[in-house]
Structures are given as structure tokens and as C-alpha cells.
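Data block below; observations after.
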Amino acid sequence: MHSTDVIILGAGAAGLMCALLSAQRGRRVLVLDHANKPGKKILMSGGGRCNFTNLYTEPANFLSHNPHFCKSALARYTQWDFIELVGKHGVPYHEKKLGQLFCDNKSSDILDMLLAECDQAGAELRMNTSIDKIEKTEAGYTLQTSAGPFACQSLVIATGGLSIPTLGASGFGYQVARQFGHELLPTRAGLVPFTITEPQLKALCTELSGTSLDCVASCNGTSFRENLLFTHRGLSGPAILQISSFWEAGDTVEINLLPDRDALEWLQGQQAERPNSELKTVLGEVFTRKLANLLAEQWFVSKPLKQYTPAELTQVAEQLSAWQVVPAGTEGYRTAEVTLGGVDTREVSSKTMESLKSPGLYFIGEVLDVSGHLGGFNFQWAWASANAAAQFV
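For the sequence shown, our numbering gives the first residue as 60, with consecutive numbering after it.
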């Protein structure tokens with residue numbers, strides 16, 4: 060049986076980060092993963108440019124049933140710490156918007172950096188390795204795998220959530236948590252597009268597929284201002300992805316299509332200044348012509364502004380500034396960027412990420428009930444939780 064100090068299950072962002080930091084402490088580290096290559100989600104993230112952190116990371120950017128849990132780890136390994144590592148490797152990057160940091164070139168720059176650090180520190184990676192059985196022993200844990208038996212003092216679960224199964228996501232980490240007595244909070248897809256089935260709205264979305272516009276999306280007391288993207292399946296874009304994490308089936312999402320204007324005041328002003336202009340003409344100056352025409356046809360009766368009564372103008376303003384949408388559902392884990400829910404953090408140390416149920420067992424990254432908003436926050440949680448565990452494994 061091959062024996063080592065630390066075994067990490069999962070060669071994604073959190074697993075690789077924990078491996079390199081643990082090995083730098085002089086620990087003998089082995090990373091096991093069932094996939095054929097490490098870091099697949101890193102490679103596809105950020106449109107292939109990896110939004111690896113956010114300048115404005117703070118605990119408020121994270122969702123959890125235990126909102127204080129993430130504070131300790133985020134305070135001990137900040138966005139500036141990871142930016143320093145990126146700078147050390149000379150990886151060029153830029154701020155896209157809202158503090159989101161992306162590689163100038165490609166996501167593989169971040170993966171190569173992590174792998175280089177692992178190699179330099181002496182952490183070993185074994186891919187194409189499935190886990191058949193895990194047992195607790197007096198000395199730690201033993202694992203029966205497709206590559207043979209292994210033993211370790213500390214076992215780190217960095218297997219991620221259920222999102223994007225085509226990249227190898229599975230519920231394995233949750234199985235391990237249950238095996239060792241942990242409660243799991245209900246999981247669901249987060250940061251995910253909405254699907255629309257209501258015929259008229261579905262037709263509008265299909266017709267406008269590919270059209271994007273600035274908006275404010277709100278649900279259950281939370282709002283995000285970002286772009287909305289119409290798709291042939293429904294609604295997507297950063298504003299929708301973020302609000303989806305606060306949405307439950309049957310909830311209404313309110314969308315303000317004119318976030319920089321008081322819609323009624325603006326329409327009244329247009330009516331006074333240019334009474335003979337048609338509504339679709341006026342809307343065409345703030346939206347694309349196609350969007351303006353479709354909204355005027357499907358939502359309103361387009362006519363010269365002078366023909367609208369005050370009540371009708373108010374109705375138009377309300378539709379534009381408080382569009383009420385009840386999604387049929389989401390696209391699910393297939394396209395979700397994160398998994399909400401997971402291992403209940405009340406049963407995990409916020410300082411060390413160690414299980415309070417089974418000594419020597421650690422949970423890091425997305426397998427825990429901690430999910431960030433869009434824009435690099437989930438990667439920062441991976442780095443921070445990995446660092447927390449790495450100091451103690």
C-alpha cells in the first residue's frame with residue numbers, strides 16, 4: 060500500500076491550490092482524479108480566459124445557509140494574495156468590469172501556473188484514477204482505487220459540485236460526506252440561464268436570440284445590474300445568471316429594461332417634445348431597432364405618442380421598468396456555473412475546513428455550501444478554502 064501524508068480528491072482549482080500549498084509546507088501530497096486531465100473547469104471558465112478572482116471580493120459576495128462561515132478563509136487568503144502569485148508567474152491579465160480579473164491570453168495560463176507550483180513543491184498528480192472505497196483508520200484513511208490501495212493521514216475532498224457534468228462533475232464528494240456522517244443541504248443549479256415556455260414570451264426570446272441589453276434583474280429582495288441576453292431557450296446573460304441563485308421555482312423575476320431612466324418621466328418628456336413620433340421610433344433610440352419593434356408589437360399598440368392617455372403611458376412605463384417574468388425553470392446543471400447547497404458548513408471548521416465529524420477529513424471549494432456570485436468570486440473561494448485547509452493537513 061502506498062502511504063503518504065495528504066491525499067486530495069479532485070484536480071480542479073481548489074484541489075491543485077491545496078496541493079501546492081500543502082507540499083510547500085513539506086507535506087507529501089498526492090492528488091487523485093477520475094478525469095483524464097486536470098483543471099477542466101479552469102480551462103473553460105471566463106469564455107476561455109479564466110476570471111480567476113475579483114478585486115472587490117468580500118463575504119457579502121457569497122451565498123450560504125451559514126453566511127459567516129466564509130469570512131475566516133477569505134480574510135486569510137485574499138484576492139491580493141492570488142494576484143501576487145499570478146504576478147510572480149508573469150501571467151498578463153486585465154480588469155474586464157466590476158473588478159473581474161481575466162487572463163489576457165487564455166485560461167491555460169492559470170492552470171499551467173498551478174501545475175508548475177505543484178511540480179516545484181513536489182505534489183504528485185494521478186489522473187484516470189477512480190475511488191472504489193474509503194475507510195477511516197487509526198492513522199487516517201485508506202483508499203481502494205483503480206490504481207491500487209493508498210493510505211494517508213489527511214484526506215481532502217475537492218471534488219466540486221454537480222455543475223457541468225460533461226466536464227466530469229459528479230456527486231462523489233457528497234457521497235463521502237454522507238459516509239462520514241455529514242448532513243447535506245439540498246443542491247440545485249446556480250448561476251444558470253432561465254428557460255421560458257409561455258408561448259408569446261418564448262417566441263419573443265427566440266426572435267431576439269443573441270440580443271443583449273443592460274438591465275437590473277431583481278428577485279426576492281436582491282438585484283443585479285448587468286447585461287441580459289435573449290436566447291432561443293429563454294433568458295441568460297450576467298444579470299440573469301446572478302439572480303438565478305436567488306430564484307426558486309414559481310418566483311417572479313422583475314426586470315428593469317431602462318435602468319438609467321425614470322421610465323414614466325422619460326416617456327412624458329418625449330410625448331411633450333415630439334408628440335408625433337411613434338412609440339417604436341422612440342424605443343428604437345434606446346434599444347436595438349429589432350427589440351424596439353418587437354416590444355412595440357407584442358407589448359403595446361405602437362402609435363404616435365400624442366395618442367397615449369396618461370394611464371396608457373404609465374402602463375408602458377411600468378412594463379419597461381418592471382417587466383414581470385415567471386421562468387418555467389432553469390437549464391439545470393448542464394450549463395450551471397455552480398452548485399448551490401452541499402456539505403453543511405455548520406459541521407466543518409471555518410478555520411481549517413476540517414470535518415467536525417471525522418478528524419483528518421477536509422472539505423474545500425464547491426462541495427461545501429458556499430457559492431459566489433458571478434465574476435471571479437467562486438475561484439477566490441477555491442483559493443481561500445484551499446489555503447485554509449493546506450495550513451493544517
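Cβ atoms here follow ideal geometry from the backbone N, Cα and C, with glycine treated the same way. All of these numbers come straight from a predicted model, not from anything done at the bench.
Give the single residue among the options whose Cα lies nearest to the Cα of residue i.
i    : options                : result
S62  : G69, K155, Q259, L202  : L202
F305 : I314, R292, S282, L326 : S282
E377 : A322, M412, P386, S430 : A322
V429 : G419, G435, W440       : W440
W382 : K130, V397, F359, G424 : F359
G269 : S444, N315, F128, L350 : L350
S189 : L144, A308, G227, Y136 : G227
L214 : D163, N315, V65        : V65
L316 : G328, S303, F346, T290 : F346
Q212 : A198, N125, A206, T204 : A198
L420 : A94, V235, S104, G435  : V235
G232 : P126, L91, W139, F111  : L91
S104 : A387, M186, G219, S167 : S167
K192 : Q238, G328, P151       : Q238
E307 : F128, G391, G219       : G391
L433 : E344, L89, N125, G106  : G106
N187 : N95, K130, S361        : N95
Q179 : G85, F128, V150        : G85
T204 : H124, H148, L68        : L68
Just to confirm, is the Cβ distance from residue i to residue j under 8 angstroms?
i    : j    : result
P245 : G98  : no
K410 : G240 : no
F141 : C109 : no
A70  : L250 : no
R292 : P318 : no
A132 : N446 : yes
T368 : P252 : no
L300 : E194 : no
M60  : F209 : yes
T398 : A248 : yes
F121 : F422 : no
L79  : A182 : yes
L294 : L272 : no
Q138 : T112 : yes
A276 : I302 : yes
W442 : Y152 : no
C274 : A298 : yes
Using the DSSP secondary-structure output, state which residues sit across from residue i in a beta bridge.
i    : result
R284 : V275
W382 : I314
L247 : Note on identity: in this sequence residue 247 is Arg, with Leu being the wrong assignment. Answer by DSSP bridge pairing, in chain order: L399.
N110 : F161
T66  : Residue 66 is actually Ile in this sequence, not Thr. The partner list for I66 (beta bridge, DSSP) reads L89, L214.
G219 : DSSP lists no partner for G219.
I193 : L202
Y152 : C162
P208 : Q203
T421 : For the sequence presented, residue 421 should be read as Tyr rather than Thr. The partner list for Y421 (beta bridge, DSSP) reads V215, E413.
I'd like the list of long-range same chain contacts for residue i, defined as Cβ closer than 7 angstroms, with 5 residues on each side in sequence excluded.
i    : result
D310 : C278, N279
Q259 : Q357
L326 : L372, V375, A376
G230 : L221
E242 : D403, E406
K261 : I255
K165 : G107, R108
E154 : L114, L160
For the ligand NAP, I want to know if residue i counts as a neighbour, meaning its beta carbon is within less than 7 angstroms of at least one of the ligand's heavy atoms.
i    : result
A355 : Inclusion of the ligand NAP in the displayed structure is not the case, the ligand content being empty and no account of it being possible.
Quick one: measure Cβ to Cβ for residue i and residue j, integer angstroms, because I've assumed they're closer than 8 angstroms.
i    : j    : result
V426 : V402 : 6 angstroms
F451 : E413 : 6 angstroms
L342 : A355 : 6 angstroms
Y115 : G158 : 4 angstroms
I101 : L170 : 5 angstroms
G424 : S444 : 6 angstroms
E266 : L353 : 6 angstroms
A448 : C77  : 6 angstroms
K362 : E324 : Their Cβ separation, rounded to whole angstroms, is 20 angstroms, which puts K362 and E324 out of contact at 8 angstroms.
Excluding sequence positions up to five away, which residues of its chain have a Cβ less than 6 angstroms from the Cβ of residue i?
i    : result
S380 : N315, L317, A322
L173 : L75
H93  : S189
E176 : L79
P334 : L364, K365
S81  : V65, V88, A449, V452
H536 : Here the chain has residues from 60 to 452 only, and residue 536 is not among them.
Tell me which residues share the same chain as residue i and place their Cβ nearer than 8 angstroms to its Cβ, disregarding the 5 neighbours each side in the sequence.
i    : result
R393 : I223, P224, T225
K130 : P118, S409
Q329 : S336, V341, L364
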